[in-house]
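So the protein lines, in turn, are chains A, B and C. Heads up, the first sequence stops at 360 in the UniProt record's numbering, and the numbers go up one at a time, no gaps. Heads up, the second sequence stops at 306 in the UniProt record's numbering, and the numbers go up one at a time, no gaps. Heads up, the third sequence stops at 357 in the UniProt record's numbering, and the numbers go up one at a time, no gaps. The C-beta atom is built at its ideal place from N, Cα and C for all residues, glycine as well. For clarity, every value in this text was computed on a predicted model and none was experimentally measured. Just below is one structure, and these are the notes that go with it.
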Amino acid sequence: MLRLEKRPQPSKLWTYLTPLLAVVITMIAGGALFAALGKDPIAAITTIFWEPLFGEFAFYYRPQLLIKGAPLVLIAIGLSLGFRAGIWNIGAEGQYIIGALTGAGVGLAFYPMESWVIFPLMVLAGALGGWIWAMIPAILKLRFGTNEILVSLMLVYVAEKLLAAMALGLMKNPEGMGFPGSRNLRQYESAHNAELITGSGMHWGVVAAMIAVIFAYILLNRHILGYHIRLTGQAPRAARFAGVNPARLVLFCLGTSGALAGLAGMFEVAGPAGQVSIDFNVGYGFTAIIVAFLGRLHPVGILLAGLLMALTYIGGELAQSNLGLPAAAIQLFQGMLLFFLLAVDVLTNYRIRLSRPEVV
Amino acid sequence: MEFGSINPVLLLASLMVAATPILLAALGELVVERAGVLNLGVEGMMIIGAICGFAVAVNTGSPVLGFVAAAGGGALLSLLFALLTQFALANQVASGLALTLFGLGLSALLGQGYVGIKPPPIGKLDIPLLSDIPYLGPVLFAHDVMVYVGLGLVVAVWAVLKYTRLGLVLRAVGENHDAAHALGYKVVRIRVLAILFGGACAGLGGAYISLIRVPQWTEGMTAGAGWIALALVVFASWKAGRVLLGAWIFGGVTVLQLNLQAAGIAIPVEYLSMSPYLITILVLVIMSADRSRAPASLGRIFHASQ
Amino acid sequence: MNLTKLLATAALALGLATTAMAQDKTKVGFIYVGPIGDGGWTYEHDKGRLAVEEHFGDKVETVYQESVPEGADAERAITQMALQGADLIFTTSFGYMEPTLAVAGKFPNVKFEHATGFKTAPNLATYSARFYEGRAVQGHIAGKMTKSNIVGYIASFPIPEVIRGINSAYIHAKKVNPDVEFKIIWAYTWFDPAKEADAATALIEQGADVILQHTDSTAPQAAAEKAGTVITFGQASDMGEYAPMPRVSSIIDNWAPYYIARTQAVMDGTWESVQTWDGIGAGMVGIGEISNAVPEDVKAEALALKAALADGSYHPFTGPLKKQDGSDWLATGETADDGTLLGMNFYVQGITGDIPN
Numbered sequence: 001m002l003r004l005e006k007r008p009q010p011s012k013l014w015t016y017l018t019p020l021l022a023v024v025i026t027m028i029a030g031g032a033l034f035a036a037l038g039k040d041p042i043a044a045i046t047t048i049f050w051e052p053l054f055g056e057f058a059f060y061y062r063p064q065l066l067i068k069g070a071p072l073v074l075i076a077i078g079l080s081l082g083f084r085a086g087i088w089n090i091g092a093e094g095q096y097i098i099g100a101l102t103g104a105g106v107g108l109a110f111y112p113m114e115s116w117v118i119f120p121l122m123v124l125a126g127a128l129g130g131w132i133w134a135m136i137p138a139i140l141k142l143r144f145g146t147n148e149i150l151v152s153l154m155l156v157y158v159a160e161k162l163l164a165a166m167a168l169g170l171m172k173n174p175e176g177m178g179f180p181g182s183r184n185l186r187q188y189e190s191a192h193n194a195e196l197i198t199g200s201g202m203h204w205g206v207v208a209a210m211i212a213v214i215f216a217y218i219l220l221n222r223h224i225l226g227y228h229i230r231l232t233g234q235a236p237r238a239a240r241f242a243g244v245n246p247a248r249l250v251l252f253c254l255g256t257s258g259a260l261a262g263l264a265g266m267f268e269v270a271g272p273a274g275q276v277s278i279d280f281n282v283g284y285g286f287t288a289i290i291v292a293f294l295g296r297l298h299p300v301g302i303l304l305a306g307l308l309m310a311l312t313y314i315g316g317e318l319a320q321s322n323l324g325l326p327a328a329a330i331q332l333f334q335g336m337l338l339f340f341l342l343a344v345d346v347l348t349n350y351r352i353r354l355s356r357p358e359v360v
Numbered sequence: 001m002e003f004g005s006i007n008p009v010l011l012l013a014s015l016m017v018a019a020t021p022i023l024l025a026a027l028g029e030l031v032v033e034r035a036g037v038l039n040l041g042v043e044g045m046m047i048i049g050a051i052c053g054f055a056v057a058v059n060t061g062s063p064v065l066g067f068v069a070a071a072g073g074g075a076l077l078s079l080l081f082a083l084l085t086q087f088a089l090a091n092q093v094a095s096g097l098a099l100t101l102f103g104l105g106l107s108a109l110l111g112q113g114y115v116g117i118k119p120p121p122i123g124k125l126d127i128p129l130l131s132d133i134p135y136l137g138p139v140l141f142a143h144d145v146m147v148y149v150g151l152g153l154v155v156a157v158w159a160v161l162k163y164t165r166l167g168l169v170l171r172a173v174g175e176n177h178d179a180a181h182a183l184g185y186k187v188v189r190i191r192v193l194a195i196l197f198g199g200a201c202a203g204l205g206g207a208y209i210s211l212i213r214v215p216q217w218t219e220g221m222t223a224g225a226g227w228i229a230l231a232l233v234v235f236a237s238w239k240a241g242r243v244l245l246g247a248w249i250f251g252g253v254t255v256l257q258l259n260l261q262a263a264g265i266a267i268p269v270e271y272l273s274m275s276p277y278l279i280t281i282l283v284l285v286i287m288s289a290d291r292s293r294a295p296a297s298l299g300r301i302f303h304a305s306q
Numbered sequence: 001m002n003l004t005k006l007l008a009t010a011a012l013a014l015g016l017a018t019t020a021m022a023q024d025k026t027k028v029g030f031i032y033v034g035p036i037g038d039g040g041w042t043y044e045h046d047k048g049r050l051a052v053e054e055h056f057g058d059k060v061e062t063v064y065q066e067s068v069p070e071g072a073d074a075e076r077a078i079t080q081m082a083l084q085g086a087d088l089i090f091t092t093s094f095g096y097m098e099p100t101l102a103v104a105g106k107f108p109n110v111k112f113e114h115a116t117g118f119k120t121a122p123n124l125a126t127y128s129a130r131f132y133e134g135r136a137v138q139g140h141i142a143g144k145m146t147k148s149n150i151v152g153y154i155a156s157f158p159i160p161e162v163i164r165g166i167n168s169a170y171i172h173a174k175k176v177n178p179d180v181e182f183k184i185i186w187a188y189t190w191f192d193p194a195k196e197a198d199a200a201t202a203l204i205e206q207g208a209d210v211i212l213q214h215t216d217s218t219a220p221q222a223a224a225e226k227a228g229t230v231i232t233f234g235q236a237s238d239m240g241e242y243a244p245m246p247r248v249s250s251i252i253d254n255w256a257p258y259y260i261a262r263t264q265a266v267m268d269g270t271w272e273s274v275q276t277w278d279g280i281g282a283g284m285v286g287i288g289e290i291s292n293a294v295p296e297d298v299k300a301e302a303l304a305l306k307a308a309l310a311d312g313s314y315h316p317f318t319g320p321l322k323k324q325d326g327s328d329w330l331a332t333g334e335t336a337d338d339g340t341l342l343g344m345n346f347y348v349q350g351i352t353g354d355i356p357n
């Protein structure tokens, strides 16, 4: 009979092996799925995992990995802090939207003035917008004990309505023939989050994501606050004895994740997306939750997980248009990848033992 | 302002219909969470229920079989979640989100042949005499069967949790799984059963949308109802009766804001459409004054290491 | 080497390659905003794609990508199609305007067509349909058929396209029924079956016995069917499964003729950047069969109206018309110019309520 035995320490070896194992299993299961849909499984898998990195047009897709991955990593880093401490911000999508709105709002307010201060102001406004949106669940939690999962989630819907109202009203491009959507910030030099090195995909959002990874790493490993976060997650009672102030922790974790999500939204609206539009948000806030867990809430893990997610998105799109795979099959494939990653994770923390049923 | 053209009787009647899918799903999730498990995959299980129910109802011509299949489909998907969280001891939040992603993809694939088809109709349960009672009749006694199934389920969940041994064990597992284990209860088995029940309920809720409320099949048609159901459970402080209240409030606000618009009340529409969510938050705040807490073991991983 | 250069080189190489293979196949790409199974907007565009395949057989290869979010993802999806050697790419949602424009600038040898937008380039054309012509026919039938004199209208977003439709329907309903009143619900969605069902129910409860919709699902049809005596019109696709009641007619998006013509133009080398805005006459807007629930005389009038719209002898926005605030818009006999129609942001006189903004 199979039996799980808890390891005294998570296995170092398996920490590194399980993600690879999961990817391999997903490729096998996914290949079976694609074959069942009447597509060549080998071609589908290579299209998803190989083409974007080393295929004919990799020069275009590699930078795209950064563009797609950066907001995921940026948001997931913020979320991971809270998740470690048992503070559940599920509404990063809303904070992302608000950050984009405040950031773009500042930029549009200055139009058509050109000045170098505009972009830094937009960055500040974006972070502030996300921070404020995240402060709502934080303060309600502290003041009334309201559950932050639901408040932050409900605020996503509110933010989406606000986004639609802005795209159709206040921020609508006056030269846009009455169509929804703001001016294109990419055509407004002072507000444009342009590529730092043309063709590299490196924009300020990517830089911010890198900084966030380093910052989070230092915080968690070298700083007393990081210690408090980890302690609260592992042993809440002990944390209280150790003098952790739970209220401060809630404010810090929700505030940081909100600000980072807001930043991600701001960099996206000023760069890759270019404008505030009704459907500006594409689910980065939710996908980032998955990225945070795939990366085991570890900064470096999150960086890798974000890039892996981005790869399945871009490769998935390629498989759609090259092989005619339905979008749903790609979604299913991503779901499988997550399942297997989560499932094999058990090997990191537990040992599987064969044990004979005891003879009575 | 003129509210004259809004008929409160009709409003209440359509409120009960609008509330039913989230009510069914939320009741299932309530049982799951009472057992100490947080399954964020409600949306995924609902949409799987929606397509399974639709496909079977169309192919067999029987809505009843459709609902049975929906419950089965939802439960089957939730079994994946159970395997992950109860046997592979994976994180519940991440597993639930993965379940939603997986469910949305799978349903879209399964549903490819079912776009633009009309499902077999489901008769209203017009209880003679009772449905003729002025005012009360149309509100209470002129709905499809599933509305009553939902109401019956509220009573059943409430009674089982409160008065039966099964309910007691379930709550014990949810409050302190280590103690429950020490007492000899099968923690994992009970949780798996609760998860399956939750999946079946979510499946029914989804099928209600695709077979009765809309009725048709389209990709992504649950459009966030699963998340609302999750909110309802917390909103209700894990009490069955309050889930019903919450579902009615949410359904009511949704229906009312559309009615206000149709009646030409001059409220900015874009803000009006935020109102269901803002009111939910408001009620959450008021409700959290009540100190009844979440099940103590909610979301925690259980491993019998002794 | 910078990206633009790289892309241009790649495009050039591909351009040469495709010219070399010109006898082979023309590759046509489609970017869809929804899933092809949405039963409405994207579904009809995909029918157009299939019609292209059927018409040209081995001479074309079509590729598509569905559910592409507007914004950065769209730009990548379009670029990718261009990189993979597409000769002609249709981007089928308004939100793809900026991405399409950006990609068109990088691939001068690929032809682009953007639906419902207004920005063009030498290799970027736009196309859209005069759906308001169809709305005129609907308005006429609605005005004749309503007994409660209340027509419910499920609107999606407050944009010119939708406002044009409301105005056109109202003008023609009013013309045949001076007592008619429109109740409008802004659903703030193109597609959300549950919400559309609720909106239809709310309108019916408020006395509407005709429901017009500018959202894409059949949910309002089902709600009307339940109510029994309410009539509806199909939107985007025919929704014929609800005929003869409640669906009495429909507006059908018919992109196939246009897609075939444009693909042919690319094959012949005669493709030019144009701004197409076609209506009933060119077949881009179809009027679904008027069912027998409509009395013969009303049906005949509606068909006559359709014919007049098709041959251009009648314009749905013909004066005298006033704006909602009572100010003059069109003098007697004057017709609206396309510029005003494209940016329409006001109701005509008689419609109550405000356009949200």
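What number of angstroms, rounded off, separates the C-alpha of B/Arg300 from the C-alpha of B/Val37? 7 Å
Check: Rounded to whole angstroms, how far is the Cβ of residue 331 of chain B from the Cβ of B/Ala90, which I believe are closer than 8 Å?
Finding: Outside the displayed range of chain B (1 to 306) lies residue 331 of chain B, so it cannot be described from this structure.
Exercise for the section: Would you mind stating whether C/Arg130 and C/Gly279 have Cβ atoms separated by less than 7 Å? Expected result: yes
Under the three-state reduction of DSSP, which class applies to C/Ala22: helix, strand or coil?
-> Bear in mind that a pLDDT of 46 at C/Ala22, under 50, signals an unreliable position, so the number given afterwards is only what the model happens to contain. The answer is coil: DSSP assigns C/Ala22 none of H, G, I, E or B.
- Message: Can you check which of these residues, A/Gly169, A/Trp14, A/Ala264, A/Gly226, is closest to A/Leu249 by C-alpha distance?
- Response: A/Gly226
| said: Is the separation between the beta-carbon of C/His214 and that of C/Gly165 shorter than 7 Å? | reply: Taking 7 Å as the Cβ cut-off, C/His214 and C/Gly165 qualify as a contacting pair.
C/Leu83 touches chain A at which residues, Cβ-Cβ below 7 Å?
-> Phe57, Tyr60
Answer yes or no: does any C-beta atom of chain A fall closer than 7 Å to that of B/Leu260? no
Q.
Please classify C/His140 as buried or exposed, where buried requires at least 16 other C-beta atoms within 10 Å of its C-beta.
A. buried
**OP:** For my contact list, B/Leu284 and A/Asn147 are in at a C-beta cut-off of 8 Å; report their separation, rounded to the angstrom.
**Re:** 7 Å
Whole-angstrom distance between C/Tyr32 and B/Thr218, CA atom to CA atom
16 Å
Could one say the Cβ of B/Tyr114 lies closer than 7 Å to chain A's Cβ atoms, at least one of them?
no
Item to complete: Could you say which of A/Val300, A/Arg186, A/Gly178 lies nearest to C/Leu342 if we only look at CA atoms?
Response: For the set A/Val300, A/Arg186, A/Gly178, the Cα lying nearest the Cα of C/Leu342 is the one of A/Gly178.
Original post:
Does the beta-carbon distance from residue 359 of chain C to B/Ala108 come in below 7 Å?
Top reply: Here chain C has residues from 1 to 357 only, and residue 359 of chain C is not among them.
Is the beta carbon of C/Ile163 closer than 7 Å to that of C/Met344? yes
Given that C/Ile185 touches chain B, what residues does it touch there, using C-beta distances under 8 Å? Leu258, Gln261, Ala262
field: A/Met154 beta carbon less than 7 Å from that of B/Tyr271
entry: no
message = Please tell me whether B/Leu24 and B/Cys201 are closer than 7 Å, where the distance is taken between their beta carbons.
response = yes
- Item | For A/Pro278: DSSP bridge partner residues | Note that residue 278 of chain A is Ile in the sequence shown here, rather than Pro. DSSP output for A/Ile278 lists no bridge partner at all.
Find the residues of chain A that neighbour B/Phe54, judging by a C-beta separation of less than 9 Å, and give them in chain order.
What B/Phe54 touches in chain A: nothing, since even the nearest Cβ is about 16 Å away.
Practice prompt. State the start and end residues of the unbroken beta strand (DSSP E) segment that holds B/Arg171.
Written response: Run containing B/Arg171: none in the beta strand (DSSP E); it sits in the alpha helix (DSSP H), 165–175.
### Span separating the alpha-carbon of C/Lys175 from that of A/Gly315
C/Lys175 and A/Gly315 have their C-alpha atoms spaced approximately 55 Å apart.
Partners in chain B for A/Asn147, counting only beta-carbon separations shorter than 8 Å:
Val234, Leu284, Ser288, Ala294
* To do: Return the chain-ordered ranges of every alpha helix (DSSP H) run that is complete within the segment 185–235 of chain C and spans a minimum of 4 residues.
  => 193–205, 219–227
- State the Cα-Cα distance for the pair C/Asp24 and C/Ala51, rounded to the nearest angstrom. For C/Asp24 and C/Ala51, the distance between alpha carbons rounds to 19 Å.
**Q.** Cross-strand partners of C/Lys47 (DSSP beta bridge)
**A.** In DSSP, C/Lys47 forms no bridge with anything.
*Beta-carbon proximity of C/Ala293 to C/Val230, cut-off 7 Å*: Judged by beta-carbon spacing, C/Val230 lies beyond the 7 Å limit of C/Ala293, meaning their Cβ atoms are not closer than that value.
Which residues in chain B sit within 7 Å of A/Tyr157, going by Cβ to Cβ distance?
Tyr277
Could you tell me whether the segment 261–277 of chain C touches the segment 110–121 of chain C, using the rule of 3 or more Cβ pairs below 8 Å?
yes
| Does DSSP put B/Met1 in a helix, in a strand, or in coil? | A caution first: B/Met1 carries a pLDDT of 36, below 50, which makes its placement in the model too unreliable to give a value.
- Message: Taking the alpha carbon of C/Gln235 as the reference point, which residue from C/Leu203, C/Glu225, C/Gly288 has its own alpha carbon closest?
- Response: C/Gly288
Exposed or buried, what is A/Glu51 when buried is set at 16 or more other beta-carbons lying within 10 Å of its beta-carbon?
buried
Since C/Lys144 sits in a beta bridge, which residues does DSSP pair it with? Its beta-bridge partners do not exist; DSSP assigns none.
Exercise. Mind checking if B/Thr254 is an interface residue toward chain A, Cβ cutoff 7 Å exclusive?
Worked result: no
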